[in-house]
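Encoded as C-alpha coordinates, the structure appears first; notes follow it.
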Amino acid sequence: MLKRANITVYGQVQGVFYRSNTCRKARELNIVGWVRNEPDGSVKIIAEGEFDNLKRLIKWCHKGPGGAITEKVEVEWEEARGEFRDFEIRYE
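All residue numbers for the sequence shown refer to our numbering, where the first residue is 1370 and numbers rise by one.
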(Lines of atoms letter the chains of each structure in order from A and count residues from 1; the text may use other names and numbers.)
(Lines give C-alpha, C1' and ligand atoms only; values in the text may rest on other atoms or scores of the structure.)
Protein backbone atom coordinates (compact mmCIF):
# COMPACT_ATOMS: atom_id res chain seq x y z
CA MET A 1 0.00 0.00 0.00
CA LEU A 2 1.44 3.37 -1.03
CA LYS A 3 1.53 6.05 1.66
CA ARG A 4 3.02 9.49 2.20
CA ALA A 5 5.02 10.41 5.29
CA ASN A 6 5.69 14.01 6.29
CA ILE A 7 8.75 13.67 8.52
CA THR A 8 10.51 16.33 10.58
CA VAL A 9 13.78 15.42 12.28
CA TYR A 10 15.10 17.54 15.17
CA GLY A 11 18.51 17.61 16.82
CA GLN A 12 22.02 18.01 15.44
CA VAL A 13 20.95 17.07 11.93
CA GLN A 14 22.41 19.83 9.76
CA GLY A 15 26.04 19.90 8.71
CA VAL A 16 26.39 16.13 9.20
CA PHE A 17 25.43 14.93 5.68
CA TYR A 18 21.91 14.06 6.87
CA ARG A 19 20.27 15.10 3.58
CA SER A 20 22.64 13.17 1.30
CA ASN A 21 22.42 10.05 3.45
CA THR A 22 18.62 10.31 3.63
CA CYS A 23 18.52 10.57 -0.15
CA ARG A 24 20.68 7.46 -0.55
CA LYS A 25 18.62 5.47 1.99
CA ALA A 26 15.31 6.52 0.40
CA ARG A 27 16.52 5.46 -3.05
CA GLU A 28 17.66 2.09 -1.65
CA LEU A 29 14.10 1.62 -0.35
CA ASN A 30 12.42 2.75 -3.61
CA ILE A 31 10.98 5.82 -1.90
CA VAL A 32 10.34 9.04 -3.80
CA GLY A 33 10.06 12.61 -2.53
CA TRP A 34 12.51 15.12 -1.11
CA VAL A 35 14.59 16.24 1.88
CA ARG A 36 15.66 19.78 2.86
CA ASN A 37 17.15 21.74 5.75
CA GLU A 38 14.75 24.04 7.58
CA PRO A 39 15.64 27.48 9.03
CA ASP A 40 14.99 26.22 12.59
CA GLY A 41 17.78 23.61 12.29
CA SER A 42 15.51 20.64 11.60
CA VAL A 43 15.36 18.48 8.48
CA LYS A 44 12.06 18.08 6.59
CA ILE A 45 11.34 14.96 4.54
CA ILE A 46 8.37 14.28 2.28
CA ALA A 47 8.44 10.61 1.32
CA GLU A 48 6.12 8.37 -0.67
CA GLY A 49 6.39 4.63 -1.08
CA GLU A 50 5.33 1.28 0.29
CA PHE A 51 4.27 1.55 3.93
CA ASP A 52 6.84 -0.98 5.17
CA ASN A 53 9.66 0.82 3.35
CA LEU A 54 8.55 4.16 4.80
CA LYS A 55 8.67 2.61 8.28
CA ARG A 56 12.24 1.47 7.54
CA LEU A 57 13.19 5.00 6.48
CA ILE A 58 11.65 6.45 9.65
CA LYS A 59 13.55 3.93 11.76
CA TRP A 60 16.75 5.02 9.99
CA CYS A 61 15.86 8.69 10.64
CA HIS A 62 15.92 8.04 14.39
CA LYS A 63 19.63 7.21 14.08
CA GLY A 64 20.68 9.11 10.97
CA PRO A 65 24.24 9.17 9.64
CA GLY A 66 27.34 9.17 11.81
CA GLY A 67 27.75 12.55 13.45
CA ALA A 68 24.02 13.20 13.70
CA ILE A 69 22.34 13.46 17.09
CA THR A 70 18.62 12.92 16.58
CA GLU A 71 16.48 14.25 19.41
CA LYS A 72 12.99 13.80 17.95
CA VAL A 73 11.30 12.51 14.79
CA GLU A 74 7.74 13.64 14.04
CA VAL A 75 5.68 11.82 11.40
CA GLU A 76 2.33 12.67 9.85
CA TRP A 77 0.75 10.12 7.52
CA GLU A 78 -1.28 10.83 4.38
CA GLU A 79 -2.38 9.02 1.26
CA ALA A 80 0.24 9.02 -1.49
CA ARG A 81 -0.31 11.69 -4.15
CA GLY A 82 1.99 10.25 -6.81
CA GLU A 83 3.64 13.58 -7.58
CA PHE A 84 7.29 12.46 -7.42
CA ARG A 85 9.44 10.33 -9.74
CA ASP A 86 12.64 10.24 -7.71
CA PHE A 87 14.04 11.26 -4.33
CA GLU A 88 15.96 14.54 -4.29
CA ILE A 89 17.67 17.05 -2.06
CA ARG A 90 16.01 20.46 -2.11
CA TYR A 91 17.89 23.65 -1.31
CA GLU A 92 14.97 26.05 -0.80
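Using N, Cα and C, we set each Cβ at its ideal position, and we do this for glycine too.
Could you give the distance in angstroms between the alpha-carbon of residue i and the alpha-carbon of residue j?
i            : j            : result
residue 1454 : residue 1414 : 15 Å
residue 1375 : residue 1436 : 23 Å
residue 1349 : residue 1385 : Residue 1349 falls outside the range modelled here, since the chain spans only 1370 to 1461, and no answer is possible.
Excluding the five sequence neighbours on either side, which residues of its own chain have a C-beta within less than 8 Å of the C-beta of residue i, listed in chain order?
i            : result
residue 1420 : 1370, 1371, 1372
Residue i by DSSP, collapsed to three states: which one?
i            : result
residue 1416 : strand
residue 1423 : helix
residue 1437 : coil
For residue i, which residues in the same chain have their Cβ closer than 7 Å to its Cβ, ignoring the five residues on either side in sequence?
i            : result
residue 1520 : Residue 1520 is absent from the model: the chain starts at 1370 and stops at 1461.
To the nearest whole angstrom, what separates the beta carbons of residue i and residue j, a pair I think is in contact under 8 Å?
i            : j            : result
residue 1458 : residue 1405 : 7 Å
residue 1379 : residue 1440 : 5 Å
Output needed for residue i: all residues of its chain with C-beta closer than 6 Å, excluding positions within five of it in sequence on either side, in chain order.
i            : result
residue 1377 : 1411, 1413, 1443
Item checked: Stretch pair the stretch 1422 to 1432 + the stretch 1396 to 1410: three plus CB contacts closer than 8 Å -> Counting C-beta pairs closer than 8 Å gives three or more between the stretch 1422 to 1432 and the stretch 1396 to 1410, which meets the contact rule.
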